[in-house]
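Notes to accompany the following structure.
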């Protein structure tokens, strides 16, 4: 199934958690898939990317994954300081 938004996270290697047709649905999925990063960085929500900004590529640990194209910015990311989602575009 093709989605409009994809939830992609990972501290060292990108990992696609899934997608959603709506930005609200992608935010809910990203909130459920929060990751604990080491080096005292704590919990982080994966970023949300537009489908047209993503490509399938071979990653070091997860083989082929949907990852953002180099140089693209996420549509939304979670701001831990303000405890809310912010739009990046």
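Numbering (this note's numbering), first residue to last: 2 to 90.
Ideal Cβ placement from N, Cα and C applies to all residues, glycine included.
Secondary structure, beta strand (DSSP E): runs of 3+ residues fully inside the stretch 25 to 74: 36 to 38, 43 to 45, 48 to 51, 55 to 60, 64 to 69
Neighbour-count burial assignment, residue 66, 16 or more Cβ in a 10 Å radius: buried
Nearest neighbour of residue 26, chosen from 41, 8, 12 [CA to CA]: 8
Between the CA atoms of residue 83 and residue 18 - distance to the nearest angstrom: 24 angstroms
Sub-8 angstroms separation of residue 52 and residue 5 beta-carbons: yes
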